[in-house]
Amino acid sequence: MTNTKDIQKRFLQFGKNTFGDFPLLLQQWKRDMRSLMKDDPNFEPCQSLKAFLVIVDQIAAEHHLSMSNMNEWLHIYQNQIREFVIPYIDFDFNNNNNNKKENNRDLITSLLNQSFVESGSAILFHKIRETISKNEFDLNEALPTAKIKEKVIEATAQVRTVSDYPKLLSNQELNKWNHLTEQALTSMDDLTADIFDIISILWMKQAAHKDQMIRFHTDDALNLRQVQGRSNDEGYQTGYRKKERDDIMKRLAALTTIWVRIERDNLKLIDPENGEIEEYGNVQFNPLFVVDSVNVAYRGDKPIGIYECSIRPGELLSNFLFGAKKSSGLLALKTLHYHPTKQKFHKRLARYLSWQWRIRQKGSDYLRPYLIGGDKGLLNVMGIEPATRYGSRMKEQFEEILDTLQHDGIIKAWLYVESDWTEAIMERERNWFTNSWLKARVQIVPSDDVTLKDIDLLEEFSLESNTYKAVNFSSLLKGMSAKEEVAVSEPKMIEMDVTPDLIKTTRKKKKISLTDAAKSIGISHSTLSRYERGLIKRPLSENLDRMKEWLESLE
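Just add 29 to wherever you are in the sequence shown, counting from 1, and you've got this note's numbering.
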């Protein structure tokens, strides 16, 4: 029988190997484990430790494993454990208000370890971002104005360079802020769209209510964009040049000059829990973002730049980013890394796909083809004007963009719809570009990170599930050391006559969803998903037997 101190020691060592990029986390776990052993009924460990204990206990129970020889099997499930715990680490850091600046650094570091991050995906959110990236504001209006028209919503966005000033600014500081906002129209570009995404992402991670301000530093954006600083503080880049910071703050100031109003067809926000509908009619213009205060950097007595502020989304935007009514999807972090001018088309397509995947998620309609040309086509989405004279060059550019997105893991694969386009058409048709290629369609396969959101591990092992809702974590930790050893220390292996490819091919041929197949087999959908993707190298014999029986039942 293994004693409790031994269990704690092994857990902390595993935590060091698995979560080494979160040094403060291990200190917190160590303190919390000590407190759990004191039998204080009112003590609650941090969410990440709760998640860790839950997932380890679940794995041990599911596979009949013993805590006494955890060193022999814990590492096998390292990726699964890390994937499950990471969101709760974010939660812990986001709710620790002792040091907001350090909190942001930990949050940024955490986000940089992810391929996809949660971002806004409402239609108004996407259309405003698109308007900003392409600078579609009409200068012929009294105020630069952009009209946003879609089937379900119509809105107006205006640029107003004179607005409420941030608090606590001196005359010198006000002049600095005014200088930034006066450049608003020339600052509407793909970098500004990046800052729009970054502030929204950080706010969604930290806000406890719709009116909460968060601290934002230019270095946060530069880190998420993976711009190299001149120094490094535990994974957080610092020492950026003045011009790099000024470019970020100029874009943030531009965002604060945008005001939005819903024009017609009341905006309906439906609470998914109770089905209640909240409607917004012809509301007054509302600021896109609100800045409460700024920190001005000085060199001597001279203000040299504004690099930090408190900020939140305006009332209208916050409805899409907070609470049960929010509309969010997954944005590839690589989108922010692309160069805002040289790779602006990559950015625009990645943002558009993120929005489309959220729309298509409900019906799992990910493989519906996209048009290349036309008003709704991908070229128009990216802002590429078709030119027959340069047909071959444009086709190559289009394909290179998709190839880059595939190489960077934003998409899994892409291909032309064969009935629309083959390379042979170029050889036999003189006007192939206009007559065929622009009318062709492509299928774009999302990354597994996107499609597997439907079977999120957080649902399967949720701390709010019936199994663990009222768990006593002190008893759970002690119980791990008190459990009798399992007779067999390693999962029993059998000679495989079932393969991941066979399971996946059969399931797709029979048009059975991953969730339904897993339920029929008698295993969790995350286990089946990982097995199909080849992530389980040594499956349990009982699971293989179940899969074999399932295959036989389909014959």
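No residue lacks a Cβ here, since even glycine has one placed at the ideal position from N, Cα and C.
Contact check for L78 against W58 passes: the beta carbons are separated by less than 8 Å.
Looking from the CA of I565, the closest CA among S339, T185, P529 belongs to P529. Secondary structure of V181 (DSSP, three-state): coil. By the Cβ neighbour-count rule, N572 is buried, with 16 or more other Cβ atoms within 10 Å of its own. Taking 8 Å as the cut-off, the Cβ atoms of V188 and F166 count as close.
DSSP places V471 in the strand class (E or B) of the three-state scheme. In the displayed model, R341 falls within a strand according to three-state DSSP.
Taking 8 Å as the cut-off, the beta carbon of E147 is found closer than this to the beta carbon of L359. By the Cβ rule, the region 169 to 179 does not count as touching the region 399 to 409, because fewer than three pairs are nearer than 8 Å. Beta-bridge pairing by DSSP links K176 to T185. Taking all protein chains in view, the Cβ of R274 is crowded by 16 or more other Cβ atoms within 10 Å, so the residue is classified as buried. Using a Cβ distance threshold of 8 Å, M233 and I161 do not count as a contacting pair. Assignment of R254 by DSSP, reduced to helix, strand and coil, places it in the coil class. The straight-line gap separating the alpha-carbon atoms of D449 and A171 is approximately 46 Å. A residue is called buried when at least 16 other Cβ atoms come within 10 angstroms of its Cβ; Q42 does not meet this threshold and is exposed. F351 places its beta carbon 8 Å or farther from that of L284. By the Cβ-count criterion, Y336 is buried, with 16 or more other Cβ atoms from all chains shown falling within 10 Å of its own Cβ. Measuring C-alpha to C-alpha distances from L400 to each of R254, S229, S465 identifies S465 as the nearest. For L317, no beta strand (DSSP E) encloses it, and the DSSP letter there is neither H nor E.
Annotation: the region 64 to 119 contains the following complete segments of the alpha helix (DSSP H) (minimum length 4 residues), in chain order: 76 to 92, 99 to 102. The distance from the Cβ of D248 to that of T267 is about 6 Å, consistent with a contact at the 8 Å cut-off.
One Cα belongs to Y395, the other to W384, and the distance between them is close to 12 Å. Of all alpha-carbon atoms in S570, V83, A326, E456, the one lying nearest the alpha-carbon of K271 is that of A326.
Of the candidates I105, N207, S144, D321, I105 places its Cα closest to the Cα of P568. Cβ neighbours of T480 within its own chain (closer than 6 Å, five residues either side excluded): none. Beta-carbon to beta-carbon, S476 and I440 are separated by about 6 Å, close enough to satisfy the 8 Å threshold. Separation of K38 and S553 (C-alpha to C-alpha, rounded to the nearest whole angstrom) is 30 Å. Looking only at S582, K539, T534, the smallest Cα-Cα distance to Y560 is reached by T534.
Straight across, the Cα-Cα distance linking K205 with I84 is about 51 Å. Annotation for R562: D477, P529 place their beta carbon closer than 8 Å to its own, counting only its chain and skipping 5 residues before and after. Fully contained in the region 345 to 400 are the following alpha helix (DSSP H) runs of length 4 or more, in chain order: 363 to 366, 373 to 390. Put simply, the backbone Cα of G551 is about 19 Å away from that of D86. In the DSSP assignment, F145 falls within the unbroken beta strand (DSSP E) covering 145 to 149.
According to the DSSP assignment, K441 belongs to the beta strand (DSSP E) that extends over 440 to 445.
When the five nearest sequence neighbours on each side are left out, the beta carbons in the same chain lying within less than 6 Å of the beta carbon of K376 are those of D219, T364, Y367, in order along the chain. Between the alpha carbons of D262 and D135 lies a distance of about 11 Å.
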